[in-house]
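First up is the structure itself, then whatever we jot down about it.
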Ligand code: ADP
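In my numbering, the protein residues as written are 58 to 446.
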């Protein structure tokens, strides 16, 4: 019997899962179910993936049915003793500044945070409920995207609103913390002593944010109370004038739902290009609107990085991670071009090869590409909380 851990990262349109060996944390399976509700399919890699050959989730099943299928399929894998499950939970609010063992009381407390992450939190909690139902007694751990940012100074967390709002928890929380924690952990190997200096990590995926770190701890980030603030994203607008929301409601008579739909699902790369939320599709397009969307994405990134440099008092290192950050040499190049005033220079050959270090030898800032691994961060938390080490 191999002792193992299950990791679940339940998103709005996909569910990612991983199985790690409990002792070495070696990944035995990395799987994704995507196109949930349309024509769901399971793609898997790793030594256990052949056990799933020919297995497919209910094609038109909803989230609940697909999650139940996944849990049952893993539960029935022969030769595997799963000791616990770890979940990515987007919002931990003020209370959860580290991973916790899930109890009914904790599930109820996390449910109260749903209004702050309506597109994500319900899916995360549904996955916890599905494990409880289909695998009774399996210990579960919740790991939070907000937790890494709880080290930020108070000023970085405050909105300029009447103080009673902050007292009630209306604060800049920040997200993508599991990814930032992973990068902070591996940075010394890649960057040497500069890892503990002034570093900006750019997590550029479908969702996107920047995190300013000093001593590998978060001191500021671009996302705030919700995952809508900061950078332009795949379908989210990022930072906009709050007066625009008032304008849309007052002058256009838009409902809250219509505004949410516009800012969350119809903006960003998709909205500006009118073509796609997928960076690859825009890079392949000849349409000037696609070019403009890419230019705006890079411009917003460089500009927000400039703001974080002020919070850091300079910059020693810049790290790119997640789908766009790890793979798009042209987007990295455009963002770095916008920071050339700092003396930052990249080596085009290294950049085009997605090398680990892409800065030129004469650059004032070291620039890195680090593939993120949020699942490993969750697996480590499960080992620690269940004392499996
Ligand atoms: P998620 O937030 O869903 O985890 P990912 O980190 O997988 O997102 O990032 C998705 C984004 O990464 C998409 O915009 C996709 O186009 C982009 N991406 C993935 N691979 C590449 C690639 N080889 N070149 C350019 N962009 C890529």
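Here a beta-carbon is modelled for each residue, glycine too, at the ideal position from N, C-alpha and C.
Pairwise C-beta distances place the stretch 326 to 339 out of contact with the stretch 361 to 372, as fewer than three of them are shorter than 8 angstroms.
Contact check for residue 279 against residue 361 passes: the beta carbons are separated by less than 8 angstroms. Residue 340 has its CB nearer than 7 angstroms to a heavy atom of the ligand ADP. Residue environment analysis places residue 216 among the exposed positions, since fewer than 16 neighbouring C-beta atoms fall within 10 angstroms of its C-beta. By the Cβ neighbour-count rule, residue 98 is exposed, with fewer than 16 other Cβ atoms within 10 Å of its own. Partner residues in the beta bridge of residue 74, as assigned by DSSP, are 65 and 88.
Look at residue 161 here: in three-state DSSP terms it is helix. Between the ligand ADP and the CB of residue 264, the shortest heavy atom gap is smaller than 7 angstroms. By the neighbour-count definition (other C-beta atoms within 10 Å, threshold 16), residue 238 is a buried residue. Taking a contact as a CB-CB distance under 8 angstroms, the pair residue 144 and residue 65 counts as one, their CB atoms being some 5 angstroms apart.
Look at residue 101 here: in three-state DSSP terms it is strand. At least one heavy atom of the ligand ADP lies closer than 7 angstroms to the C-beta of residue 384.
Following the DSSP letters along the chain, one finds residue 138 inside the beta strand (DSSP E) bounded by residues 137 to 146. Set against 7 angstroms, the gap from the CB of residue 381 to the closest heavy atom of the ligand ADP is smaller. Sequence-distant partners of residue 170 (beyond 5 residues in either direction) whose C-beta falls short of 7 angstroms from its own C-beta, in its chain, are 148, 150 and 178. Bounds of the alpha helix (DSSP H) holding residue 316 are 313 to 322.
DSSP places residue 106 in the helix class (H, G or I) of the three-state scheme.
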